Amino acid sequence: MTPPRLLCISGGPGTGKSTLLAALRQRGYACAEEVSRQLIREQVAQGSSMVPWQDLAGFAEIALERMLVQHGQARQRGGLTFFDRGLPDLIAYLEVGGRSVPAVCYRAAAQHAYHAEVLLTPPWPAIYVNDAERGNQDVIYLLEKVS
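Under our numbering, residues 6 to 152 are what the sequence shown spells out, in order.
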């Protein structure tokens, strides 16, 4: 087994991260989907209030657990894995949302590192699409803030 190389692709909403990961996946690379998007779909389908625009702290807690599982799976698999966002993104989202960041988030980010270099996709309002997971004003605010 080759040593794990975990590369994080980060950036604001609508900057092409998911499209880039889809292209990498088509070329045979291991890719980890964005946990937040999966979680939002599940929580909305269940009628849960555990979504970022209603309970950001609770949502972040569940997202952290899933991100740690995802990270562990990639480490176990070995080789190269591209991630659609990572643990530092979760910390940033809490900070931008005006929430305190639990110490467990900082510990997790320190103990479950990615490659030192991160691909950061720049704001690109021209390609932004408001989809089911982005259908709220918090995400639009974040896009405007970084643009």
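Cβ atoms here follow ideal geometry from the backbone N, Cα and C, with glycine treated the same way. Treat the numbers as computed from the prediction; the structure is a model and nothing was measured.
Output the distance between the C-alpha atoms of Thr-20 and Pro-57, rounded to the nearest integer angstrom. As a position in the sequence shown, residue 20 is number 15, starting the count at 1. As a position in the sequence shown, residue 57 is number 52, starting the count at 1. For Thr-20 and Pro-57, the distance between alpha carbons rounds to 20 Å.
Return the first residue and the last residue of the beta strand (DSSP E) that Asp-60 is part of. In the sequence shown, the residue the question calls residue 60 occupies position 55. Element bounds for Asp-60: n/a, residue is neither H nor E.
C-alpha gap between Cys-110 and Gln-116, whole angstroms: For the purposes of this step, residue 110 is taken as residue 105 along the sequence shown, with counting starting at 1. For the purposes of this step, residue 116 is taken as residue 111 along the sequence shown, with counting starting at 1. Each residue's Cα considered, the two are about 10 Å apart.
For Ile-145, which three-state DSSP category applies? The sequence position of residue 145 within the sequence shown is 140, counting from 1. Legend: pLDDT at Ile-145 = 41, less than 50; position of this residue unreliable, no value from coordinates given.
Quick one: using the 10 Å Cβ neighbour count with 16 as the cut-off for buried, is Val-74 buried or exposed? For the purposes of this step, residue 74 is taken as the residue at position 69 of the sequence shown. Counting other Cβ atoms within 10 Å of its Cβ, Val-74 stays below 16 and is therefore classed as exposed.
Starting from Ala-113, trace the beta strand (DSSP E) in both directions and tell me its first and last residue. Mapped onto the sequence shown, residue 113 falls at position 108. Unbroken run through Ala-113 is the alpha helix (DSSP H), 108 to 116; no beta strand (DSSP E).
Buried versus exposed call for Glu-161 [16 or more other C-beta atoms within 10 Å across all chains shown]: With the chain represented from 6 up to 152, any question about residue 161 goes unanswered, as that position is not in the structure.
Within its chain, find whatever has a CB closer than 6 Å to the CB of Gly-91; leave out the 5 residues flanking it on each side and keep chain order. Taking the sequence shown and counting its residues from 1, one reaches residue 91 at position 86. If you ignore the 5 residues before and after Gly-91, its C-beta comes within less than 6 Å of the C-beta of Cys-13 and Tyr-119, all in its own chain and listed in chain order.
Anticipated Cβ contact below 8 Å, Ala-35 with Leu-85, distance rounded: Residue mapping note: residue 35 aligns to position 30 of the sequence shown, counting from 1. Residue mapping note: residue 85 aligns to position 80 of the sequence shown, counting from 1. About 7 Å separates the CB atoms of Ala-35 and Leu-85; that is less than 8 Å, so the two are in contact.
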